[in-house]
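>
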Amino acid sequence: MSTANSHSHNSNLAHHFKSLDQQFDAAKLGVWLFLATEILMFGGLFVGYIIFHGLYPEMFAEGAKHLDWRLGATNTLVLLLSSFTMASGVQYAQTNQKKKCVTALVITFLCGCAFLLIKYFEYSHKIHDGLLPGKFFSNHEAEHANLAMYFSFYFCMTGLHASHVIAGMCLIAWVAVRASKGQFNSEFYTPVEGVGLFWHLVDLIWIYLFPLLYLVG
Amino acid sequence: MAHGDQNQAHHGHHITPIATYAKILGLLVILTILTVAVARPVSGFDAGILNAGIAFLIASVKAAMVLAIFMGLKYDKKIHLAIFISAVFFLIVMFTFSVLDIYTRIHVESTL
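These protein sequences, in sequence, are chains A and B.
Its first residue numbered 47, the first sequence is counted upward by one per residue in our numbering.
Its first residue numbered -18, the second sequence is counted upward by one per residue in our numbering.
(1) Just to confirm before moving on: does the CB-CB distance between L72 of chain B and G240 of chain A stay below 7 angstroms?
(2) Does the beta carbon of V17 of chain B come closer than 7 angstroms to any beta carbon on chain A?
(3) Mind listing, in chain order, the continuous alpha helix (DSSP H) runs of no fewer than 4 residues lying wholly within the segment 53 to 132 of chain A?
(4) Taking the CB atoms as reference points, tell me whether L250 of chain A and A36 of chain B lie closer together than 7 angstroms.
(5) What separation, rounded to the nearest whole angstrom, lies between the Cα atoms of H186 of chain A and G7 of chain B?
(6) Taking 7 angstroms as the threshold (beta carbon to beta carbon), is Q143 of chain A in contact with chain B?
(7) With distances taken from CA atoms, which of A:S128, A:K227 and A:A188 is nearest F244 of chain A?
(8) Touching or not, the segment 102 to 118 of chain A and the segment 156 to 170 of chain A, by the rule of three or more beta carbon pairs under 8 angstroms?
(9) Measure from the C-beta of S54 of chain A to each C-beta in chain B and report whether the shortest distance is under 7 angstroms.
(10) Hey, is L81 of chain B's beta-carbon within less than 7 angstroms of any beta-carbon in chain A?
(11) Return yes when the Cβ of Y169 of chain A is within less than 7 angstroms of the Cβ of G109 of chain A, no when it is not.
(12) For the alpha helix (DSSP H) holding A68 of chain B, just list the boundary residues, first then last.
(13) Kindly give me the distance between the Cβ atoms of G214 of chain A and G158 of chain A, rounded to whole angstroms, as I take these residues to be in contact under 8 angstroms.
(14) Give the interface partners of H246 of chain A over in chain B, defined as CB-CB distance under 7 angstroms, in chain order.
(15) Determine the DSSP secondary structure at H210 of chain A, reduced to helix, strand or coil.
(16) To the nearest angstrom, how far is it from the Cα of A191 of chain A to the Cα of A208 of chain A?
(17) Does the beta carbon of I253 of chain A come closer than 7 angstroms to any beta carbon on chain B?
(18) For Y2 of chain B, return the contacting residues in chain A, with the cut-off set at a CB-CB distance below 8 angstroms.
(19) Buried or exposed: which applies to Q68 of chain A, given that a residue is buried once 16 or more other Cβ atoms fall within 10 Å of its Cβ?
(20) I'd like to know whether the C-beta atoms of L66 of chain A and L59 of chain A end up nearer to each other than 7 angstroms.
(21) Using a Cβ-Cβ distance cut-off of 7 angstroms, determine whether V42 of chain B contacts chain A.
(22) For H(-5) of chain B, which three-state DSSP category applies?
(23) From which residue to which residue does the alpha helix (DSSP H) around Y254 of chain A run?
(24) Applying a beta-carbon distance threshold of less than 7 angstroms, which residues of chain B neighbour P257 of chain A?
(25) Strictly below 8 angstroms CB to CB, what residues from chain B border L177 of chain A?
(26) Along the segment 63 to 76 of chain B, where does the CB come closer than 8 angstroms to a CB of chain A? Name the residues.
(27) Just by C-beta distance, which residues in the segment 145 to 156 of chain A are closer than 7 angstroms to chain D?
(28) Please tell me whether F76 of chain B and V93 of chain A are closer than 7 angstroms, where the distance is taken between their beta carbons.
(29) If you draw a straight line from the alpha carbon of Y95 of chain A to that of Y102 of chain A, how long is it in whole angstroms?
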């Protein structure tokens, strides 16, 4: 145990790691592997969308007309801002600026709320018009018989993304509380770093979802 | 880990200045405005099939900036970049084989 004693004062170091550095590297490697599986999960939906878009271009164009690019663009800006505050939050944790770190994380959380609020308005409008996936579709003004497929993709892709936003917000709330208790510093900020990477991935996926659904149609 | 970079914490992690993050945010906002401005439903700009190409090119530039700076791949261990690229590689494999399958199917119009 003598070699481990130099770190024994640090309660953040799990006993099966040699050093905080090793622990940080292992955690970050794990987060990146998880992000790779996330990319492949969303990737399957993107591939499906592109293939069916190629098969029924007019139907997808009709579906895209029901989306409001203004709301999509606003949500893009909200998520970009949240990515900036998240990255700043990690940096403040790295540089022992506790108050700024908590503020940055709280702003990131509020951006998540704003995103979901706008998403709620979009969803309730679609539900009101009967623009729903598969057999739930009940819009009588549809020009194309299989327009329900467009909204299957729309709700699967944005719904899976929104569930990631909610998960990300829970994680941000968790690290914000821990940060406010002063549990992070330049030696140990692994949870903030990992949550940050996850949040940036949520932003990254929206960067592609926005043009795919709202602009290209 | 010891790159001798001046922006490093004492245990070797890269620290990106907030000003750099702010610059990237500014560029991302500009690119978002640009991608909206050249979209057919917004401005009527019609470049045919190229509309989609332009939109995804801009999206990829934005994604690259998020990955390099916000997610720190630019300064990070190369293993993280390798994991990311391998995910994208297998996504391309999935896409290519699906497209080759669907679009090379022969539509049977008659029963011979």
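By construction, the Cβ of each residue, glycine as well, lies at the ideal position given by its N, Cα and C atoms.
Reading it off the structure:
(1) Sequence index remark: in the second sequence, residue 72 of chain B carries index 91 (1-based). Sequence index remark: in the first sequence, residue 240 of chain A carries index 194 (1-based). Judged by beta-carbon spacing, G240 of chain A lies beyond the 7 angstroms limit of L72 of chain B, meaning their Cβ atoms are not closer than that value.
(2) Sequence index remark: in the second sequence, residue 17 of chain B carries index 36 (1-based). Interface residue, yes.
(3) Whole alpha helix (DSSP H) segments, 4+ residues: 66 to 101 and 103 to 111.
(4) Your numbering for residue 250 of chain A matches position 204 in the first sequence. Your numbering for residue 36 of chain B matches position 55 in the second sequence. Their beta carbons are not under 7 angstroms apart, which means L250 of chain A does not touch A36 of chain B by this criterion.
(5) Counting from 1 along the first sequence, the entry for residue 186 of chain A is found at position 140. Counting from 1 along the second sequence, the entry for residue 7 of chain B is found at position 26. H186 of chain A and G7 of chain B have their C-alpha atoms spaced approximately 43 angstroms apart.
(6) Here residue 143 of chain A is taken as the residue at index 97 of the first sequence, counted from 1. It does not: the Cβ of Q143 of chain A has no partner Cβ on chain B nearer than 7 angstroms.
(7) Here the question's residue 244 of chain A lines up with position 198 in the first sequence. With respect to the C-alpha of F244 of chain A, the residue from A:S128, A:K227 and A:A188 having the closest C-alpha is A:S128.
(8) At 8 angstroms Cβ cutoff, the stretches touch.
(9) Walking along the first sequence from the start, residue 54 of chain A turns up at place 8. With a pLDDT of 46 at S54 of chain A, under the threshold of 50, the predicted position of this residue should be treated as unreliable, and no value is reported.
(10) To locate residue 81 of chain B, count along the second sequence from 1; it is residue 100. Chain A, which has no Cβ nearer than 7 angstroms to the Cβ of L81 of chain B, makes this no.
(11) Counting from 1 along the first sequence, the entry for residue 109 of chain A is found at position 63. Counting from 1 along the first sequence, the entry for residue 169 of chain A is found at position 123. For G109 of chain A and Y169 of chain A, no; Cβs fall outside 7 angstroms.
(12) By one-based count along the second sequence, residue 68 of chain B stands at place 87. First-last of the alpha helix (DSSP H) with A68 of chain B: K59 to Y84.
(13) Taking the first residue of the first sequence as 1, we reach residue 214 of chain A at position 168. Taking the first residue of the first sequence as 1, we reach residue 158 of chain A at position 112. The pair is a contact, with the Cβ atoms about 6 angstroms apart (cut-off 8 angstroms).
(14) To locate residue 246 of chain A, count along the first sequence from 1; it is residue 200. When 7 angstroms is used as the limit between beta carbons, H246 of chain A is near these residues of chain B: V47, F51 and M52, in chain order.
(15) Here the question's residue 210 of chain A lines up with position 164 in the first sequence. The three-state reading of DSSP puts H210 of chain A in helix, counting H, G and I together.
(16) Along the first sequence, read from residue 1 onward, the residue named residue 191 of chain A stands at position 145. Along the first sequence, read from residue 1 onward, the residue named residue 208 of chain A stands at position 162. Rounded to whole angstroms, A191 of chain A to A208 of chain A spans 28 angstroms at the Cα level.
(17) Your numbering for residue 253 of chain A matches position 207 in the first sequence. Interface flag for I253 of chain A against chain B is set, since a Cβ pair is found closer than 7 angstroms.
(18) Working through the second sequence from its first residue, we reach residue 2 of chain B at position 21. At a beta-carbon threshold of 8 angstroms, the residues of chain A lying near Y2 of chain B are F130, A133, S134 and Q137, ordered along the chain.
(19) Numbered from its first residue, the first sequence carries residue 68 of chain A at position 22. By the beta-carbon neighbour count (other beta carbons within 10 angstroms, threshold 16), Q68 of chain A is exposed.
(20) Residue numbering aside, residue 66 of chain A sits at position 20 when the first sequence is read from its first letter. Residue numbering aside, residue 59 of chain A sits at position 13 when the first sequence is read from its first letter. Yes, the pair counts as a contact, with Cβ atoms nearer than the cut-off.
(21) For the purposes of this step, residue 42 of chain B is taken as residue 61 along the second sequence, with counting starting at 1. Under the 7 angstroms criterion on CB atoms, V42 of chain B is classed as non-interfacial with respect to chain A.
(22) Along the second sequence, read from residue 1 onward, the residue named residue -5 of chain B stands at position 14. Per DSSP, reduced to three states, the secondary structure at H(-5) of chain B is strand.
(23) Here residue 254 of chain A is taken as the residue at index 208 of the first sequence, counted from 1. Residues T236 to F256.
(24) Here residue 257 of chain A is taken as the residue at index 211 of the first sequence, counted from 1. Near P257 of chain A (Cβ distances below 7 angstroms), the residues of chain B are T16, A36, F37 and A40.
(25) As a first step, residue 177 of chain A is located in the first sequence; it is residue number 131 there, counting from the start. What L177 of chain A touches in chain B, judged by beta-carbon distance under 8 angstroms, is nothing: the nearest beta carbon there is about 17 angstroms away.
(26) Taken in chain order, the members of the segment 63 to 76 of chain B whose beta-carbon sits within less than 8 angstroms of a beta-carbon on chain A are I64, F65, S67, A68, V69, F71, L72, M75 and F76.
(27) No chain D is present in this structure, whose protein chains are A and B.
(28) Taking the first residue of the second sequence as position 1, residue 76 of chain B is located at position 95. Taking the first residue of the first sequence as position 1, residue 93 of chain A is located at position 47. Contact: yes.
(29) Indexing the first sequence from 1 puts residue 95 of chain A at position 49. Indexing the first sequence from 1 puts residue 102 of chain A at position 56. Answer to the nearest angstrom: the Cα atoms are 10 angstroms apart.
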